[in-house]
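Novice: Taking my numbering, the leading residue of the sequence shown gets 11, the next gets one more, and so forth.
Note that beta-carbon positions come from the ideal geometry of N, C-alpha and C, so glycine has one too.
Remember, predicted model here, so these are calculated numbers, not experimental data.
After the structure tokens below, expect a handful of questions from me.
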Amino acid sequence: MILKNFSKRTFLCLMVFNLIFSQSDIKESSNFTYTKKQAYNYYLKTIIPANLFFSTYGFMYGVTLGGQAIASGESPLTANTKWLIAPLISSLLISQATKDIKLNYLNKVDKSIKDDNFYYTIFFMGPDISQIKDFEAEGADGRWNANVLEASTTINYPPLGYRTGFFSKTIGLDLEMSLLGHHSKEQTAYYNFTGEIYNEEYDMYVELPPALNIEIPSHFLILHSLFIGLNTYYNLPNFGLNPYLGFGLGALFNSVQSQYPGPANLVQEEGKLALDELSWDFGYHGIIGFRHQQPDSFYYFEIRPMFHQFNYESGEGLLKEFDSFTLESLQFQIGIGTNLFK
Numbered sequence: 011m012i013l014k015n016f017s018k019r020t021f022l023c024l025m026v027f028n029l030i031f032s033q034s035d036i037k038e039s040s041n042f043t044y045t046k047k048q049a050y051n052y053y054l055k056t057i058i059p060a061n062l063f064f065s066t067y068g069f070m071y072g073v074t075l076g077g078q079a080i081a082s083g084e085s086p087l088t089a090n091t092k093w094l095i096a097p098l099i100s101s102l103l104i105s106q107a108t109k110d111i112k113l114n115y116l117n118k119v120d121k122s123i124k125d126d127n128f129y130y131t132i133f134f135m136g137p138d139i140s141q142i143k144d145f146e147a148e149g150a151d152g153r154w155n156a157n158v159l160e161a162s163t164t165i166n167y168p169p170l171g172y173r174t175g176f177f178s179k180t181i182g183l184d185l186e187m188s189l190l191g192h193h194s195k196e197q198t199a200y201y202n203f204t205g206e207i208y209n210e211e212y213d214m215y216v217e218l219p220p221a222l223n224i225e226i227p228s229h230f231l232i233l234h235s236l237f238i239g240l241n242t243y244y245n246l247p248n249f250g251l252n253p254y255l256g257f258g259l260g261a262l263f264n265s266v267q268s269q270y271p272g273p274a275n276l277v278q279e280e281g282k283l284a285l286d287e288l289s290w291d292f293g294y295h296g297i298i299g300f301r302h303q304q305p306d307s308f309y310y311f312e313i314r315p316m317f318h319q320f321n322y323e324s325g326e327g328l329l330k331e332f333d334s335f336t337l338e339s340l341q342f343q344i345g346i347g348t349n350l351f352k
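The structure is reproduced here in structure tokens:
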């Protein structure tokens with residue numbers, strides 16, 4: 011199990027330390043006024059380290075809770091709910107801790123200095139349609155490889171996230187952090203196979219046919235990701251709504267879990283996760299968006315073709331393998347943005 015030594019006490023101590031540090035830093039800045047740009051830069055310098063650090067640890071702790079639930083035989087719904095709780099709690103605590111930032115930085119802006127940029131924060135959800143594409147598996151012994159062109163997946167919960175940035179009349183830029191959870195559906199997977207693979211029953215290597223199918227149970231792969239990245243977009247002519255086109259790129263902190271070691275040895279394990287891997291990778295997406303602007307807020311809808319990369323180890327013993335695939339999805343993101351300087 012990941013993070014065997016990562017306890018609740020450790021998580022809470024780290025959180026308390028960060029809150030104390032943030033408060034002491036804010037008090038030093040309470041007697042100044044700023045331009046919007048200066049205030050926003052201070053805001054970013056405070057919230058980005060806190061969010062990066064504690065969102066990552068919250069995600070890791072949530073993965074541990076969810077994995078323990080799966081291993082103990084609880085339902086996938088229960089396991090995914092436990093996974094979601096830890097990062098959401100860490101986000102709420104950070105939000106509470108940074109309230110004073112608005113009083114000491116964002117609310118002490120010299121509004122006589124002109125700045126036409128709209129600085130904002132966004133909270134959003136983004137249900138999607140997804141599938142695994144180009145699943146590649148290679149034996150650690152180098153004696154075989156296999157691939158699956160595609161496999162069906164679905165969401166555990168609609169992806170949830172936070173964005174902060176600014177836009178002008180022509181362009182926009184923001185930081186995004188989001189939680190995503192998917193799992194494979196029950197299905198028949200069709201493999202293309204080359205080489206020879208170890209057979210545990212006969213204790214020897216055997217050749218497999220170049221094409222074969224295997225029955226995959228629901229939740230054979232349970233995928234969780236923390237996305238941390240940047241979006242940039244270009245505003246198109248207004249026609250009542252504000253349309254825009256953009257692109258996003260970022261790092262993915264991926265978790266891959268299963269009660270099954272891997273496609274090479276599809277054998278259920280009792281009382282533990284047979285596959286429990288964390289890895290860093292990357293993801294990117296296109297953006298087609300429409301924004302309804304109000305003086306101090308806006309509503310928006312985005313269509314996003316998304317491509318998230320996964321690379322990890324699975325299997326056991328002579329059936330150990332290196333797996334990789336792309337999780338392709340079409341996300342429909344809806345959210346509410348608010349003016350940081352209202």
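#1: What number of angstroms, rounded off, separates the C-alpha of F317 from the C-alpha of T88?
#2: Which partner residues of N127 appear in the DSSP bridge assignment?
#3: Under three-state DSSP, which class holds Y294?
#4: Per DSSP, F64 forms a beta bridge with which residues?
#5: Tell me, please, which residues DSSP counts as bridged to T204.
#6: Out of I298, A81 and E196, which one is the CA nearest neighbour of F230?
#7: Put T180 into one of helix, strand or coil per three-state DSSP.
#8: With a cut-off of 8 Å on the beta carbons, I'd call K330 and E323 a contact; round off their distance for me.
#9: Tell me Y167's beta-bridge partners as DSSP assigns them.
#10: Does DSSP put N114 in a helix, in a strand, or in coil?
#11: Leaving out the 5 sequence neighbours to the left and right, which residues in its chain are closer than 8 Å to D120 when beta-carbon positions are compared?
#12: Just mark H295 as buried or exposed, buried being the case when its beta carbon has 16 or more other beta carbons within 10 Å.
#13: Check whether the segment 252-265 touches the segment 200-219, counting contact only when three or more Cβ pairs, one atom from each stretch, lie closer than 8 Å.
#14: Report yes or no: do three or more beta-carbon pairs, one from the segment 114-132 and one from the segment 46-53, lie closer than 8 Å?
#15: Using a Cβ-Cβ distance cut-off of 8 Å, determine whether M135 contacts chain C.
#16: Assign N248 to one of three DSSP states: helix, strand, or coil.
#17: Would you identify the three-state DSSP class for G258, choosing helix, strand or coil?
#18: Please report how far the alpha carbon of L285 lies from the alpha carbon of N114, in whole angstroms.
#19: How would you label G83, buried or exposed, when you count the other beta carbons within 10 angstroms and need 16 or more for buried?
#20: Between the C-alpha atoms of N209 and E160, what's the straight-line distance to the nearest angstrom?
#21: Secondary structure at P227, three-state DSSP: helix, strand or coil?
#22: In the DSSP assignment, find the beta strand (DSSP E) that holds P315 and state where it starts and stops.
#23: Whole angstroms are fine: how far does the CA of F63 sit from the CA of T348?
#24: Less than 8 Å between the C-beta atoms of F69 and Q343, yes or no?
#25: Under 8 Å, do I181 and T242 count as touching if we go by C-beta distance?
#26: Contact defined as beta carbons within less than 8 Å: I believe G136 pairs with Q341. What is the distance between those atoms, to the nearest angstrom?
#27: Grab me the residues of I95's own chain with a C-beta within less than 8 Å of its C-beta, minus the 5 sequence neighbours each way, in chain order.
#28: Cα separation between I232 and T163?
#29: What would DSSP say about L337, mapped onto helix, strand or coil?
#30: Once DSSP output is grouped into helix, strand and coil, what is the label at G72?
#31: If you draw a straight line from the C-alpha of Q304 to the C-alpha of F332, how long is it?
Specialist: Result, derived from the coordinates:
#1: Their Cα atoms are separated by approximately 27 Å.
#2: Residue pairing by DSSP leaves N127 without any beta bridge partner.
#3: Residue state, collapsed to three classes: strand.
#4: Answer is none; F64 lacks a bridge partner.
#5: Bridge partners of T204: N155.
#6: Closest by alpha carbon: E196.
#7: Three-state DSSP puts T180 in coil, outside helix and strand.
#8: The Cβ separation is near 7 Å, so the contact holds.
#9: Paired residue(s): G191.
#10: In the structure shown, N114 sits in a helix (DSSP, three-state: H, G or I).
#11: For D120, same chain residues with a beta-carbon under 8 Å away, outside a window of 5 residues either side, are T43, Y44 and T45 in chain order.
#12: Buried: at least 16 other Cβ atoms inside 10 Å.
#13: Flag = no, the segment 252-265 and the segment 200-219 do not touch.
#14: Short answer: they touch.
#15: No chain C appears in this structure, which consists of one protein chain only.
#16: Residue state, collapsed to three classes: coil.
#17: In the three-state scheme derived from DSSP, where H, G and I count as helix and E and B as strand, G258 is classed as strand.
#18: Spanning the two alpha carbons is a distance of roughly 47 Å.
#19: By the neighbour-count rule (16 or more Cβ atoms within 10 Å), G83 is not buried but exposed.
#20: Near 26 Å, if we compare the C-alpha coordinates of E160 and N209.
#21: In this structure, P227 counts as coil in the three-state DSSP scheme.
#22: Note, P315: beta strand (DSSP E), S307 to S324.
#23: Taking the straight line from one Cα to the other gives about 24 Å.
#24: Going by C-beta atoms, F69 is not nearer than 8 Å to Q343.
#25: Judged by beta-carbon spacing, T242 lies within the 8 Å limit of I181, meaning their Cβ atoms are closer than that value.
#26: With 8 Å as the limit, G136 and Q341 qualify as a contact, their Cβ atoms being about 5 Å apart.
#27: In chain order, G72 and L75 place their CB closer than 8 Å to the CB of I95, counting only its own chain and leaving out the 5 sequence neighbours on each side.
#28: I232 and T163: Cα-Cα distance of roughly 10 Å.
#29: In the three-state reduction of the DSSP assignment, L337 falls in the strand class.
#30: G72: helix per DSSP, three-state reduction.
#31: Going from the Cα of Q304 to the Cα of F332 covers about 50 Å.
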